[in-house]
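Engineer: Just passing along the structure, written as structure tokens.
2 protein chains.
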Amino acid sequence: MSPRQIGVTEVALRDAHQSLMATRMAMEDMVGACEDIDNAGYWSVECWGGATFDACIRFLNEDPWKRLRTFRELMPNSRLQMLLRGQNLLGYRHYEDMVVDKFVEKSKENGMDVFRVFDALNDPRNLERAMSAVKQVGGHAQGTICYTTSPLHTVEGYIEQAGRLLNMGADSIALKDMAALLKPQPAYDIIRGIKDTYGEETQINVHCHSTTGVTMVTLLKAIEAGADVVDTAISSMSLGPGHNPTESFAEMLEGTGFETGLDMHRLINIRDHFKQVRPKYAEFESKTLVDTNIFLSQIPGGMLSNMEGQLRAQGAADRMDEVMLEVPVVRKDAGYPPLVTPSSQIVGTQAVFNVLMGRYKVLTAEFADLMLGYYGECIGERNPDLIRQAEAQARKEPITVRPADLLEPEWDQLRAEAESLPGFDGTDEDVLTNALFPGVAPGFFTTRDEGPKNVGKTQEQLAREKAVASGQANAVREPITYKITVGGRSQTVKVEPGE
Amino acid sequence: MSPRQIGVTEVALRDAHQSLMATRMAMEDMVGACEDIDNAGYWSVECWGGATFDACIRFLNEDPWKRLRTFRELMPNSRLQMLLRGQNLLGYRHYEDMVVDKFVEKSKENGMDVFRVFDALNDPRNLERAMSAVKQVGGHAQGTICYTTSPLHTVEGYIEQAGRLLNMGADSIALKDMAALLKPQPAYDIIRGIKDTYGEETQINVHCHSTTGVTMVTLLKAIEAGADVVDTAISSMSLGPGHNPTESFAEMLEGTGFETGLDMHRLINIRDHFKQVRPKYAEFESKTLVDTNIFLSQIPGGMLSNMEGQLRAQGAADRMDEVMLEVPVVRKDAGYPPLVTPSSQIVGTQAVFNVLMGRYKVLTAEFADLMLGYYGECIGERNPDLIRQAEAQARKEPITVRPADLLEPEWDQLRAEAESLPGFDGTDEDVLTNALFPGVAPGFFTTRDEGPKNVGKTQEQLAREKAVASGQANAVREPITYKITVGGRSQTVKVEPGE
Chain X
-3 MSPRQIGVTE
7 VALRDAHQSL
17 MATRMAMEDM
27 VGACEDIDNA
37 GYWSVECWGG
47 ATFDACIRFL
57 NEDPWKRLRT
67 FRELMPNSRL
77 QMLLRGQNLL
87 GYRHYEDMVV
97 DKFVEKSKEN
107 GMDVFRVFDA
117 LNDPRNLERA
127 MSAVKQVGGH
137 AQGTICYTTS
147 PLHTVEGYIE
157 QAGRLLNMGA
167 DSIALKDMAA
177 LLKPQPAYDI
187 IRGIKDTYGE
197 ETQINVHCHS
207 TTGVTMVTLL
217 KAIEAGADVV
227 DTAISSMSLG
237 PGHNPTESFA
247 EMLEGTGFET
257 GLDMHRLINI
267 RDHFKQVRPK
277 YAEFESKTLV
287 DTNIFLSQIP
297 GGMLSNMEGQ
307 LRAQGAADRM
317 DEVMLEVPVV
327 RKDAGYPPLV
337 TPSSQIVGTQ
347 AVFNVLMGRY
357 KVLTAEFADL
367 MLGYYGECIG
377 ERNPDLIRQA
387 EAQARKEPIT
397 VRPADLLEPE
407 WDQLRAEAES
417 LPGFDGTDED
427 VLTNALFPGV
437 APGFFTTRDE
447 GPKNVGKTQE
457 QLAREKAVAS
467 GQANAVREPI
477 TYKITVGGRS
487 QTVKVEPGE
Chain D
-3 MSPRQIGVTE
7 VALRDAHQSL
17 MATRMAMEDM
27 VGACEDIDNA
37 GYWSVECWGG
47 ATFDACIRFL
57 NEDPWKRLRT
67 FRELMPNSRL
77 QMLLRGQNLL
87 GYRHYEDMVV
97 DKFVEKSKEN
107 GMDVFRVFDA
117 LNDPRNLERA
127 MSAVKQVGGH
137 AQGTICYTTS
147 PLHTVEGYIE
157 QAGRLLNMGA
167 DSIALKDMAA
177 LLKPQPAYDI
187 IRGIKDTYGE
197 ETQINVHCHS
207 TTGVTMVTLL
217 KAIEAGADVV
227 DTAISSMSLG
237 PGHNPTESFA
247 EMLEGTGFET
257 GLDMHRLINI
267 RDHFKQVRPK
277 YAEFESKTLV
287 DTNIFLSQIP
297 GGMLSNMEGQ
307 LRAQGAADRM
317 DEVMLEVPVV
327 RKDAGYPPLV
337 TPSSQIVGTQ
347 AVFNVLMGRY
357 KVLTAEFADL
367 MLGYYGECIG
377 ERNPDLIRQA
387 EAQARKEPIT
397 VRPADLLEPE
407 WDQLRAEAES
417 LPGFDGTDED
427 VLTNALFPGV
437 APGFFTTRDE
447 GPKNVGKTQE
457 QLAREKAVAS
467 GQANAVREPI
477 TYKITVGGRS
487 QTVKVEPGE
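For the protein sequence lines, the chains are X and D, in the order given. Letter by letter, the first sequence follows residues -3 to 495 of the numbering used here. Letter by letter, the second sequence follows residues -3 to 495 of the numbering used here.
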């Protein structure tokens, strides 16, 4: 029997640098790898969406739409893939349906193929419009389950969630494990359950981070259960808070009855390319190689450092242990949302408030909105007392409808706003950019002509740092001019290494 | 059905720092973790042998026997484990049988429990005496298979090798994957084969490095096949050229029908301890997180950098590709030895010679010895033409007997040699120390009284480095005195940061 072919999605161009280096990689550091990526035999190439859009205009003075078109041009043979936050698109609020349609249409037009659509609360109503918009323009609509654990989250529940996504017309299901919580056996059970329930031909893509050190094993169990495609990152862009290494995944399958069909020589080229690039962004990297704390605390690393910062700002850094115990209480009261952006921040901040001021003495505006249903529905019931308290405090009704149903058509107004901005180029793409990041886009439009910035270090800077680190770090190595004042008399002195 | 209990050997105190930081960790950086290690529920604690003995006297001015006794005292509840190179003991030549007996006896007396005995060529005759010596003193004799791949290495061959070790009275079998070459499916097949052939009660320990990124999966497949004990390193001392993280291994088993029974709170203490320690030794660490090259080249990383150094020294750094192609030729001619110390150095150096001077124009003395059988037998036949050439060059007969059979009793002479050394303390332990490292022990004996050195950086040094790295690296931060000469007139100038 010939081995079953497992598809691989390469995430080096999106989630890998988002996870490892705060989404800072410049386009010029990616283009050199594209020909090899395009021809290595990947199922798809994740290269857009998530935080890359925001990072482009906020940090890199780069037009994200142009980035997409460049990828399209450089990788004509590949399925390009993006991560889309459902009704939030790539921003941080719900958008009215026509804006969702427009964004998807323009993304497809500029070159996108596979749309991985998710919602932080796993509320299907927050995915529906984006999914149907993708179908409308002929894209691949990938419905996503955000994996988390709680007393209410069960294998059966995830299988049912997959059914809801398939009912929306999902072309495939993504099991998304952003916190590296997905252990081998639950992965097996969920994936087998989906296949058993909806048919073997149901395509399942598995996305795991590597933070906890267990998920390479999860990937093998996932494909043993029938998973079709897995996400990995080329080894030189892998591990830590990132993903499992592509070459290792391919190699480990030997003799198992599975194979990737990836071209190992192309992979080596890609690896060598990013091996040169990664050190340029070292200042953005976390030091953590592996961390299993999340299994005990349920609190993702990013959320932890966030809460620590809030406590420090209040001079209460020593109360972290109390906050850690409060988080599960708040999460339960909110109906057990998965802890990802934005729910992780909302729950975490409320937990900090509870510890500092007394439990629920003050609700944050966001927590009140969460309790009132303005982010959507969670798996669990929300604490009814807190819903009443939120209602009183926020002077808003609790809602049960889809949050976006409350929005009025906004496209014309968004266009009018964009048109008033200096540097606006007249396109729908620019309207969308401003709609998504109204605080950042206007500035970007005025500086766009200066072209992209590279915030990584140059090879020369790296070489100099290395030289300094290897010697006596405090010694003067290049001429430096000091102004030295002695007894009221100033002199300018140039100091440089002697012979 | 209750989960099957999987034993874990913690390697943080031996192989982890040998692999990650060139065996440099000072005893004082380990003692603080011992109570937690002793009570975490490990099957055994690897803490001695391998390169630690050498490193103790060569770099740390520390008596390795005293280190063993300290571990014994600090971990009264644990099986202490060591790695022993068969007839080579911990040195780099064969020792006469009585020396082997003595070393094992003294190791047991000073506190050792589990002796993992291996030979680089997998020649059972090089293990026999050490194994029987361990049995003699009531230790746990663990017979070891060094895993490698070649056209001659088969699952069946490894199963047969296990049989030879069991015939020697092995209390358990170790499958030792020093190069992270062991993929999940071969691991499964070998281990299942051993259990099927020799009985389910045959204890199998699995030792994998993590270099290639595939071996966490290997560990799961190994225990699915019936493996009883696996080697891991606490997460803060894991990954890269080291081992898979202990906590991740424990966590990933949830729901699989296996469990470790390890105390997670103890593990967290151990982790936090070494999290503080590891940065002190950063200068000894390799930058490589994951590297799958070995699957293509069969050449372990350490061997590669060795050969590169040899080429550079000859001004032939550009001929590495030729050497890479030559290694498999030399390895085949030598009968496919596993490429570990010392065979990796012997094969690698000969490959470099072949490229620089023409194939086999010159044989190194060590390669000639290997061809003549003086290191033992390999799995494959050695090239008969080269055996004749080695015979002529080395003026030695090829041998087929066990190499140690050619040795005369040497204990009395070794004692006499030791007695002539200043600082010798009269014990058999000191005789053995000098016997193993005659080039290093005499110096160590004279400086022993000064006590152990710590070659790691202090927390203060680390803090200062961090401060320097975060600022303008070239600026003067502490007073530095320069001699400045202007127009022939020299002045001493002290420069320090202004206000």
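Glycine is no exception: its CB is placed at the ideal position from the N, C-alpha and C atoms. Quantities reported herein were computed from a predicted structural model and do not represent experimental measurements.
Inspect the beta-carbon positions of D:Ala330 and D:Leu366 and report whether they are closer than 7 Å.
Structural biologist: Working through the second sequence from its first residue, we reach residue 330 of chain D at position 334. Working through the second sequence from its first residue, we reach residue 366 of chain D at position 370. Yes.
Engineer: Hey, is D:Phe280's beta-carbon within less than 7 Å of any beta-carbon in chain X?
Structural biologist: On the second sequence, position 284 is the one that residue 280 of chain D refers to. Taking Cβ atoms only, chain X never reaches closer than 7 Å to D:Phe280, which makes this a no.
Engineer: Just the chain X side, please: which residues come within less than 9 Å of D:Lys179 by C-beta, in chain order?
Structural biologist: By one-based count along the second sequence, residue 179 of chain D stands at place 183. Within 9 Å Cβ-Cβ: Glu247, Met248, Leu249, Glu250, Gly251, Thr252.
Engineer: Using a Cβ-Cβ cut-off of less than 9 Å, list which residues of the segment 280 to 295 of chain X approach chain D; keep chain order.
Structural biologist: Hits within the stretch, in order: Lys283, Leu285, Val286, Asp287, Thr288, Asn289, Phe291, Leu292.
Engineer: For a contact defined as C-beta to C-beta under 7 Å, what are the partners of D:Gln213 on chain X?
Structural biologist: In the second sequence, counting from the first residue as 1, residue 213 of chain D sits at position 217. Checking the sequence shown, residue 213 of chain D turns out to be Val, not Gln. Residues of chain X passing the Cβ test: Met212, Val213, Leu216, Met248.
Engineer: So with CB distances below 7 Å, who are the chain X contacts of D:Pro182?
Structural biologist: Working through the second sequence from its first residue, we reach residue 182 of chain D at position 186. In chain order: Gly251.
Engineer: What are the boundary residues of the beta strand (DSSP E) that includes X:Trp44?
Structural biologist: On the first sequence, residue 44 of chain X is found 48 positions in, with the first residue counted as 1. Its beta strand (DSSP E) spans residues 40 to 45.
Engineer: Since I believe X:Phe114 is in contact with X:Cys142 (beta carbons under 8 Å), could you give me their beta-carbon distance rounded to a whole number of angstroms?
Structural biologist: The residue given as residue 142 of chain X occupies position 146 in the first sequence. The residue given as residue 114 of chain X occupies position 118 in the first sequence. With a contact defined as Cβ atoms closer than 8 Å, X:Cys142 and X:Phe114 qualify at about 6 Å.
Engineer: Does D:Leu335 come within less than 7 Å of chain X when only Cβ atoms are used?
Structural biologist: Against the second sequence, residue 335 of chain D aligns to sequence position 339. False, the Cβ-Cβ gap to chain X never drops below 7 Å.
Engineer: Please identify, using Cβ separations under 7 Å, the residues of the segment 215 to 235 of chain D that lie next to chain X, in order along the chain.
Structural biologist: Leu216, Ser231, Ser234, Leu235
Engineer: Hey, how far is the Cα of D:Gly419 from the Cα of D:Glu446?
Structural biologist: The count along the second sequence starts at 1 and reaches residue 419 of chain D at position 423. The count along the second sequence starts at 1 and reaches residue 446 of chain D at position 450. Computed Cα separation, rounded: 12 Å.
Engineer: Check for me: the beta strand (DSSP E) holding X:Lys172 runs from which residue to which?
Structural biologist: Locating residue 172 of chain X in the first sequence gives position 176, where the first residue counts as 1. Run containing X:Lys172: 168 to 173, per the beta strand (DSSP E) assignment.
Engineer: Does any residue of chain D have a CB that is nearer than 7 Å to the CB of X:Thr208?
Structural biologist: Here residue 208 of chain X refers to the residue found at position 212 when the first sequence is read from its first residue. By this cut-off, X:Thr208 is an interface position.
Engineer: Tell me whether X:Val130 is buried or exposed, calling it buried when 16 or more other Cβ atoms sit within 10 Å of its Cβ.
Structural biologist: Residue numbering aside, residue 130 of chain X sits at position 134 when the first sequence is read from its first letter. Its Cβ being crowded by 16 or more others within 10 Å, X:Val130 is buried.
Engineer: Does DSSP put D:Glu404 in a helix, a strand or coil?
Structural biologist: Residue numbering aside, residue 404 of chain D sits at position 408 when the second sequence is read from its first letter. D:Glu404 falls in the coil class under three-state DSSP.
Engineer: Can you grab the Cα-Cα spacing for the pair D:Asp25 / D:Leu428, in whole Å?
Structural biologist: Taking the second sequence and counting its residues from 1, one reaches residue 25 of chain D at position 29. Taking the second sequence and counting its residues from 1, one reaches residue 428 of chain D at position 432. Rounded to the nearest angstrom, the two C-alpha atoms are 26 Å apart.
Engineer: On the CB-based measure, 16 or more other CB atoms within 10 Å of its CB, does X:Leu321 come out buried or exposed?
Structural biologist: Start at 1 with the first residue of the first sequence, and residue 321 of chain X comes out as number 325. Its Cβ having fewer than 16 others within 10 Å, X:Leu321 is exposed.
Engineer: Which residues mark the beginning and the end of the beta strand (DSSP E) in which D:Ile383 is found?
Structural biologist: Within the second sequence, numbered from 1, the residue matching residue 383 of chain D stands at position 387. First-last for D:Ile383: 380 to 390, but that is the alpha helix (DSSP H), not the beta strand (DSSP E).
Engineer: With a threshold of 7 Å between beta-carbons, can X:Pro237 be considered close to chain D, or not?
Structural biologist: Residue 237 of chain X sits at position 241 when you count from the first residue of the first sequence. It does not; no Cβ of chain D falls within 7 Å.
Engineer: Beta-carbon of D:Glu243 versus every beta-carbon of chain X: anything under 7 Å?
Structural biologist: In the second sequence, residue 243 of chain D corresponds to position 247, counting from 1. Taking Cβ atoms only, chain X reaches closer than 7 Å to D:Glu243, which makes this a yes.
Engineer: Taking the DSSP output, what are the residues bridged to X:Pro241?
Structural biologist: Here the question's residue 241 of chain X lines up with position 245 in the first sequence. Its beta-bridge partners are X:Ala229.
Engineer: Do X:Met316 and X:Val348 have their C-beta atoms within less than 7 Å of each other?
Structural biologist: The residue labelled residue 316 of chain X in the question sits at position 320 within the first sequence. The residue labelled residue 348 of chain X in the question sits at position 352 within the first sequence. Cβ distance not < 7 Å, so X:Met316 and X:Val348 don't count as in contact.
Engineer: For D:Met17, go through chain X and note every residue whose CB falls closer than 9 Å to its CB, in chain order.
Structural biologist: Start at 1 with the first residue of the second sequence, and residue 17 of chain D comes out as number 21. Within chain X, no residue comes near D:Met17; the closest Cβ sits about 14 Å away, beyond 9 Å.
Engineer: Write down every uninterrupted run of the beta strand (DSSP E) in the segment 274 to 357 of chain D whose length is 3 residues or greater and which is fully enclosed by it, in chain order.
Structural biologist: none
Engineer: Can you list the residues of chain X that D:Met260 reaches, using a CB-CB cut of under 9 Å?
Structural biologist: For this step, residue 260 of chain D is matched to residue 264 along the second sequence. Correct list: Thr288, Phe291, Leu292.
Engineer: Starting from X:Tyr478, follow its DSSP beta bridges and name the residues at the other end.
Structural biologist: By 1-based counting over the first sequence, the position of residue 478 of chain X is 482. X:Tyr478 has X:Val489 as its beta-bridge partners, per DSSP.
Engineer: Exposed or buried, D:Leu171, counting other C-beta atoms within 10 Å across all chains shown (16 or more means buried)?
Structural biologist: Start at 1 with the first residue of the second sequence, and residue 171 of chain D comes out as number 175. Classification of D:Leu171: buried, given that the 10 Å Cβ count is 16 or more.
Engineer: Can you look up X:Ala12 in the DSSP assignment and give me helix, strand or coil?
Structural biologist: Along the first sequence, read from residue 1 onward, the residue named residue 12 of chain X stands at position 16. X:Ala12: helix per DSSP, three-state reduction.
Engineer: Taking the alpha carbon of X:Gly153 as the point to measure from, which residue in X:Ala126, X:Asp119, X:Ser168, X:Gln132 has its own alpha carbon closest?
Structural biologist: For this step, residue 153 of chain X is matched to residue 157 along the first sequence. It is X:Asp119.
Engineer: Could you give the first and the last residue of the continuous alpha helix (DSSP H) run that contains X:Arg125?
Structural biologist: Mapped onto the first sequence, residue 125 of chain X falls at position 129. Taken as a continuous stretch (DSSP letters only), the alpha helix (DSSP H) holding X:Arg125 covers 124 to 132.
Engineer: Considering only the beta carbon of each residue, do X:Gln14 and X:Ala47 sit closer than 7 Å?
Structural biologist: Translated into the one-based positions of the first sequence, residue 14 of chain X becomes position 18. Translated into the one-based positions of the first sequence, residue 47 of chain X becomes position 51. Yes, they are a contact pair.
Engineer: If you run the structure through DSSP and keep just helix, strand and coil, what is D:Asn201?
Structural biologist: Counting from one through the second sequence, the residue named residue 201 of chain D turns up at place 205. Assignment of D:Asn201 by DSSP, reduced to helix, strand and coil, places it in the strand class.
Engineer: Extract the residue ranges of the alpha helix (DSSP H) inside the segment 428 to 456 of chain X, only unbroken runs of 4 or more that lie entirely within it.
Structural biologist: 437 to 443
Engineer: Which residue marks the beginning of the beta strand (DSSP E) containing D:Ser423, and which one marks its end?
Structural biologist: Indexing the second sequence from 1 puts residue 423 of chain D at position 427. This sequence places Thr at residue 423 of chain D; Ser is not what is there. Segment: none, D:Thr423 is in no beta strand (DSSP E) and carries neither H nor E.
Engineer: Taking only the alpha-carbon atoms, compute the straight-line gap between X:Leu64 and X:Phe441 and give it to the nearest angstrom.
Structural biologist: Residue mapping note: residue 64 of chain X aligns to position 68 of the first sequence, counting from 1. Residue mapping note: residue 441 of chain X aligns to position 445 of the first sequence, counting from 1. Distance between the alpha carbons of X:Leu64 and X:Phe441: 18 Å.
Engineer: Measuring alpha carbon to alpha carbon, tell me which of D:Met353, D:Val7, D:Thr256 ends up nearest D:Gln232.
Structural biologist: Translated into the one-based positions of the second sequence, residue 232 of chain D becomes position 236. The identity of residue 232 of chain D in the sequence shown is Ser, whereas the question assumes Gln. Minimum Cα distance to D:Ser232 is reached at D:Val7.
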